[in-house]
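Peer 1:
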Amino acid sequence: MTRSELAWELADLFTDLKIDQINEMLAKNVPLETLEFFNAYGQDFGKSEGIQGNTLQRLPNLLLLGYILRVLEERLLDGDEPSEH
């Protein structure tokens, strides 16, 4: 599976999850400090760039989704790639 395919699979999966399932996945895979960081950073960055409304509210979620995708890549794909050493 390529990184692009993994990203699409994750996006499709998220559209099918209920809120309690998303919360469970986050609790198992993302430290609370990381959740707090993305919330604060997303709000601060969005405001500094003049982002408002729903887009500003969703920005931390987008950042978090990117983080989750990277965690999945590390767990599923990075071990399959040849080592440079």
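Residue numbers (numbering that gives the first Met the number 0): 0 to 84. All residues carry an ideal CB built from backbone N, CA and C; glycine is no exception. What you are looking at is a predicted structure, and each value in this text was computed from that prediction instead of being measured.
#1: Note the first and the last residue of the continuous alpha helix (DSSP H) segment covering T33.
#2: Starting from M24 and walking both ways along the alpha helix (DSSP H), at which residues does that stretch end?
#3: According to DSSP, is L71 part of a helix, a strand, or is it coil?
#4: Could you give the DSSP three-state label for T54: helix, strand or coil?
#5: When the Cα atoms are used, what is the spatial distance from Q87 to Q51?
#6: With three or more beta-carbon pairs closer than 8 Å as the criterion, would you say the region 51-63 touches the region 9-17?
#7: Need the endpoints of the alpha helix (DSSP H) that T1 sits in, please.
Peer 2: Checking against the coordinates, here is how it stands:
#1: Its alpha helix (DSSP H) spans residues 31-47.
#2: Counting along the chain, the alpha helix (DSSP H) containing M24 begins and ends at 18-28.
#3: helix
#4: helix
#5: The shown model of the chain, from 0 to 84, leaves out residue 87, and the question about it has no answer.
#6: no
#7: T1 -> no alpha helix (DSSP H), and no H or E assigned at all.
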